[in-house]
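Note sheet for the following structure.
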Amino acid sequence: MFWRVYIDGRRTEHIEQAQKRDANIKASAAIPQTNDEVSQPLKMPGITYHEINFNGSSFSRMLMSKLSWAEFFRLAGLMLFGYRLDAIKIIAPHMEEMGLVGLATSSMDVCKREVKQVFDVLADEKSWPVLVHCTQGKDRTGLIVMLVLFLLGVDEAAIDKDYRLSESELAPEKEQRMKEISSIGLTEQFAVCPPDVVSSVHSHIQKKYGTTEQYLEYTGVSKEAINRVKEILLVTGSQSDR
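The UniProt record's numbering puts the first residue of the sequence shown at 1, with every later residue one more than the last.
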């Protein structure tokens, strides 16, 4: 499979990877690269990349609204002096309290611009085939894939089964992932696939927005774009006999 478009939903992980690459490059004089090259994630030629930050300003504001004033000023000071991971540790207890389900539904509510960006890409037939990717491929990526499948009318049980497959596929790197997660003050719940994520996201859409189409329109995705995504992905009529 060759992907034309690659949707990447990471940010903090890009910084960490750049630091690791920088360390590896400094250890090898045989790979001369500029600082700008080191600071960027590896990219394959011939593929269009869309780096859509689901942990951007809207998501950050939502999390910071849960901080006390003391926590807020501590976080601001750490960020000011470049201690990003230490700053995240201040937010971590609030993320723990919300859990992955709470973060997923809250992301839907506040990350309207990011959801629209993704669906604008998906609505362009020239973008396909598309690879949607984040760090573990189950949270930010999972949310986008859920929205697409809900839009297409896929049965919730089938979506849930597909989502849970991610956990077994991530098992080989769980130990390393736990080290990274615990380093910012989070626990094992962020390394697994909670059994109620799909049903909770679907229920949240139905209770607050009505339908997936209505939710997408709320984010700014046009009806035309919604219909194009469905036309691209649904197999109907004569196509089903091919």
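The beta carbon of each residue, even a glycine, is placed where N, CA and C say it ideally should be.
Out of 111, 137 and 193, the CA that lies nearest to the CA of residue 58 is found in 111. Cβ contact annotation for residue 202 (same chain, cutoff 7 Å, sequence separation greater than five): 150 and 156, in chain order. If you draw a 10 Å sphere on the C-beta of residue 154, you find fewer than 16 other C-beta atoms in it, and that means exposed. Contact between residue 86 and residue 78 holds, since their C-beta atoms are separated by about 5 Å, short of 8 Å. The Cβ-Cβ distance between residue 192 and residue 104 does not fall below 8 Å.
Relative to residue 227, the option among 124, 183 and 168 whose CA is nearest is 124.
Your pair residue 127 and residue 121 checks out as a contact, with CB atoms roughly 5 Å apart and the cut at 8 Å. When the Cα atoms are used, residue 169 and residue 42 turn out to be separated by approximately 23 Å. Between the alpha carbons of residue 74 and residue 91 lies a gap of roughly 11 Å. With at least 16 other beta carbons inside 10 angstroms of its own, residue 140 counts as buried. Distance from the CA of residue 84 to the CA of residue 177, rounded to the nearest whole angstrom, comes to 18 Å.
Bounds of the alpha helix (DSSP H) holding residue 93 are 84-110. Residue 70 counts as exposed, since fewer than 16 other C-beta atoms from the protein chains shown sit within 10 angstroms of its C-beta. For residue 232, the enclosing alpha helix (DSSP H) stretches over residues 223-233. Separation of the CB atoms of residue 160 and residue 199 is rounded to 7 Å, and the pair is thereby assigned contact status at 8 Å. When only Cα atoms are considered, residue 53 and residue 63 end up about 15 Å apart.
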